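Novice: Sequences listed follow chains A and B, in order. The first sequence maps to residues 6 to 207 in the numbering used here. The second sequence maps to residues 8 to 448 in the numbering used here. Just dropping this structure here.
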Amino acid sequence: MKHQKNPKMILAAGAAVAVAVVASITGCGKTEVAITKPAGFTPQQMADALFTVMASDRGVYTKQVVNRLQNEDQVIKASEHWKDDKALPLPAQMFRMGAEAVTAKNAGFTYSLLSLWPINKQNTPQTDVEKTGLKFVADSLGKTNYYAEETLGGKKYFTAIYADVAVSPACVKCHNNHEDSPRTDFKLNDVMGGVVVRIPTE
Amino acid sequence: MTGFLTYKWFGPDRRFLLPGRTTSGHYQIELACSACHTPWMGVKEDACYNCHAEELKAANDSHPKSKFTDPRNASRLEHIRADNCVTCHREHVPDRTHAMGVTVPDDYCFYCHQQTLKDMPSHKNFAFNSCNNAGCHNYHDNTALYTDFLLKHASEPANKDSALLPKRDLLAYLIEAGVVKKSKSLTAEQQDAPATVKSDAKILHDWAATAHAQAGVNCTGCHLVEDKATHAKNWSDKLDYTACVTCHKEETQGFLGGKHGMRLAQGLSPMTPALARLPMKPEAAHRELNCLSCHAAHDFDTRRAAVESCLACHNDEHTLAYKRSKHFALWFNEENGDAPAGSGVSCATCHLPRETVETDGVKHVLVQHNQNLNLRPSEKMIRTVCLNCHGLAFSIDALVDAALVQTNFIGQPHGHVESVDMAVQRQMEKKSKSKPTPITK
């Protein structure tokens, strides 16, 4: 006896296969697996952390080394030309030497110390973000940080600007008496400039 | 063609393949292509720093690469790629190479410093291309020219009352550093050359009178050379600079870094006067340069090495004028005992200056054997040489006067560089001005 093909059976089998294919492609019916995002820092968190370390280290140097030995104990001076004068590097120079060492290690991020009233005009803000940010932190009396993105030399950066505050009498005394300082009325805890931390984002 | 080029590449003379005449700084090693080039003739990233990094560090480079890799200075790089040495110091382009191997026009400072010129009224009449060639500013080394240094030395006279060089103290240093034992001074009878070596009374006599014998350095101290393959030490009569380096490390490094030893540093044959571009005495043409050229082997006389050794080869106007100069007169008097030690000025006084250095925590005075280190720009000579005897303003004036330099300083400087006067003037103006009005927030 010949078996005759049952059209209805063939149609049903085809439909079942089609459903199975679609289901496997779309994941229909699969159990959901919870995907947790990897933990990490945002650029802002990284910049804040870096600034905390920089400010603390420089604060210790300014208070416990420069202010103590130069102004209190008066056993050694701090001088811009510290090697020639056999003196202590200025806190700003200690900061900048650290920044240079970080750059030399190709750490990726860079940082600098700038001011709207710099003794050395090379430390005037250059980029638009620096100009806006330094004014912002000064106007906010150091209470608010400034964060922005900028493109420099075709590369994108997250830039954070933090108020640089006169933490010690050594700061105001030197700047107020320096012949190249455009301001001579700084007081303790004034905003004297800003620390700019730049992190590449691509 | 392929065969011809291959022959030229691997053959004894590759000058045919040079794309252009090299600078006076590099011509000696122009055939050591790999010193600067990658195998496919790109320029190595760190080619310049391999030889010049220490010099730039010591000069407290005013424009280091790190200044321009900072992203905040990216806009400056649009004007000139100052993060790369070869932007301004290109090789093989003699048609546009001028002083100090600079291959960009003299106005390169203007790219970034227009504001500086506007902010300084004292500079308003200066030519826009005179920043770096008037004796006031240098691109890399401003250690003798920065404002506070000018002010510190502003009132010095042309000739100082106390004009003496620092005293060399090599033996004392080697004893303190433990390289040499104090009580081991040797006599000729104590020589330790093997019996197979023919004894020479003159050599023994010469050696016994030297500081080597005083320091306990016997024959085997120099003549035992280690075989690279077997590491066995065998007697050798033919010594090179490697025999000296054990005790004279800094001096040897300096020698290899300068024009006398840079070929050896690149693994080339020693420099000879015949290969030099400066005028040299014909009879010295084939003398090979190594430590012994200036310091003879057994009767090394540092006084002779300071003058006569130089005059034996060099034949240019500056060298030939030396013995007519006041500097030589001072040297002559010191040699004759008519003037105090350290008051004479030899070739070495200026060109192989005495420097105070610190090695492993021990300070000592050594002779810098890189004769090129303080040559260009000439202001580099001020701190280690001129200021021992002369005031700063006078030194600047003398070094800027190229004609005076050529005659070996016979006569007085013809012009005057106003940098010290301007620094003093600016300081007085700032002190006398009333304080600026405080900026209200």
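Even glycine gets a Cβ: it sits at the ideal position worked out from N, Cα and C. Remember, it's a predicted structure, so these values are computed and weren't measured experimentally.
Just to confirm my understanding: we take C138 of chain B, look at its own chain, exclude 5 residues before and 5 after, and list those with CB closer than 6 Å. What are they?
Specialist: C116 and H144
Novice: Below 8 Å, can you find three or more Cβ-Cβ pairs linking the region 231-240 of chain B to the region 251-258 of chain B?
Specialist: no
Novice: Are the CB atoms of M269 of chain B and I87 of chain B within a distance shorter than 8 Å?
Specialist: no
Novice: Which partner residues does A153 of chain A have in the DSSP bridge list?
Specialist: A:T164
Novice: Can you name the start and end residues of the beta strand (DSSP E) that T366 of chain B belongs to?
Specialist: R361 to T366
Novice: Could you tell me whether the Cβ of Y167 of chain A comes closer than 8 Å to any Cβ of chain B?
Specialist: no
Novice: Taking 8 Å as the threshold, find out whether the region 77-86 of chain B comes into contact with the region 94-104 of chain B through three or more Cβ pairs.
Specialist: no
Novice: Of the choices B:H321, B:A313, B:V372 and B:E183, whose alpha-carbon is the least far from that of T279 of chain B?
Specialist: B:H321
Novice: Applying a beta-carbon distance threshold of less than 7 Å, which residues of chain B neighbour A83 of chain A?
Specialist: In chain order: nothing, as chain B lies at least about 14 Å away.
Novice: What is the DSSP secondary structure of Y180 of chain B, reduced to helix, strand or coil?
Specialist: helix
Novice: Can you give me the C-alpha to C-alpha distance between D207 of chain B and S41 of chain B, rounded to a whole angstrom?
Specialist: If you draw a straight line from the Cα of D207 of chain B to the Cα of S41 of chain B, it comes to about 44 Å.
Novice: Can you give me the Cβ contacts of R331 of chain B inside the same chain, cut-off strictly under 8 Å, excluding the 5 residues immediately before and after it?
Specialist: N415 and I417
Novice: In the structure shown, what three-state DSSP assignment does P26 of chain B receive?
Specialist: In the structure shown, P26 of chain B sits in coil (DSSP, three-state: anything other than H, G, I, E or B).
Novice: How about F114 of chain A and V202 of chain A: are their beta carbons less than 8 Å apart?
Specialist: yes
Novice: Touch check for the region 147-167 of chain B and the region 112-129 of chain B: three-plus C-beta pairs under 8 Å?
Specialist: Judged by Cβ distances under 8 Å, the region 147-167 of chain B makes no contact with the region 112-129 of chain B, as fewer than three pairs qualify.
Novice: Since K160 of chain A meets chain B, which of its residues come closer than 9 Å, beta carbon to beta carbon?
Specialist: P78 and A81
Novice: According to DSSP, is S439 of chain B helix, strand or coil?
Specialist: helix
Novice: Return the residues of the region 107-133 of chain A that lie within a Cβ-Cβ distance of less than 8 Å from chain B, sorted by chain order.
Specialist: T108, A109, T115, S117, W122, K126, Q131 and T132
Novice: Would you say Q434 of chain B faces chain A, with C-beta separation under 8 Å as the test?
Specialist: yes
Novice: Who are the near neighbours of Q413 of chain B in its chain, counting only those whose CB is closer than 7 Å to its CB and skipping five residues on each side?
Specialist: Cβ neighbours of Q413 of chain B beyond the five flanking positions: E324 and H325.
Novice: Does the separation of the CB atoms of N381 of chain B and K387 of chain B fall below 8 Å?
Specialist: Yes. Within cutoff.
Novice: With DSSP collapsed to three states, give me the class of R203 of chain A.
Specialist: In the three-state DSSP reduction, R203 of chain A falls in the strand class (E or B).
Novice: Ignoring anything shorter than 4 residues or poking outside the region 82-120 of chain B, list the alpha helix (DSSP H) runs there in chain order.
Specialist: Taking only runs of at least 4 residues, the alpha helix (DSSP H) segments lying wholly in the region 82-120 of chain B are 92-95.
Novice: Express the C-alpha separation of M51 of chain A and G45 of chain A in angstroms, rounding to a whole number.
Specialist: 10 Å
Novice: Looking only at its own chain, which residues have a Cβ that is under 7 Å from the Cβ of G349 of chain B, when we skip the five neighbours before and after it?
Specialist: L171, L172 and K174
Novice: For D90 of chain A, which of B:A179, B:H160 and B:M48 has the nearest alpha-carbon?
Specialist: Measuring from the Cα of D90 of chain A, the nearest candidate turns out to be B:H160.
Novice: Grab me the residues of D199 of chain B's own chain with a C-beta within less than 7 Å of its C-beta, minus the 5 sequence neighbours each way, in chain order.
Specialist: Cβ-Cβ distances below 7 Å link D199 of chain B to N225, C226 and T227 in the same chain, with the five nearest sequence neighbours on each side left out; the list follows chain order.
Novice: Would you give the residue range spanned by the beta strand (DSSP E) that S117 of chain A belongs to?
Specialist: T115 to L119
Novice: With a threshold of 8 Å between beta-carbons, can R203 of chain A be considered close to chain B, or not?
Specialist: yes
Novice: Under 8 Å, do Y152 of chain A and Q49 of chain A count as touching if we go by C-beta distance?
Specialist: yes
Novice: In chain B, which residues lie with their C-beta within 8 Å of the C-beta of L157 of chain A?
Specialist: P78, R79, A81 and S82
Novice: For a cutoff of 8 Å on Cβ pairs, would you count P443 of chain B as touching chain A?
Specialist: For P443 of chain B, the predicted model reports a pLDDT of 49, less than 50, meaning its position is unreliable; a value from the coordinates is still stated below. By this cut-off, P443 of chain B is an interface position.
Novice: Give the secondary structure of G198 of chain A by DSSP, where H, G and I count as helix, E and B as strand, and everything else as coil.
Specialist: strand
Novice: My output table needs one value for L157 of chain B: the three-state DSSP class, helix, strand or coil.
Specialist: Helix.
Novice: What are the boundary residues of the alpha helix (DSSP H) that V407 of chain B is part of?
Specialist: L399 to V407
Novice: For E135 of chain A, return the contacting residues in chain B, with the cut-off set at a CB-CB distance below 8 Å.
Specialist: R79
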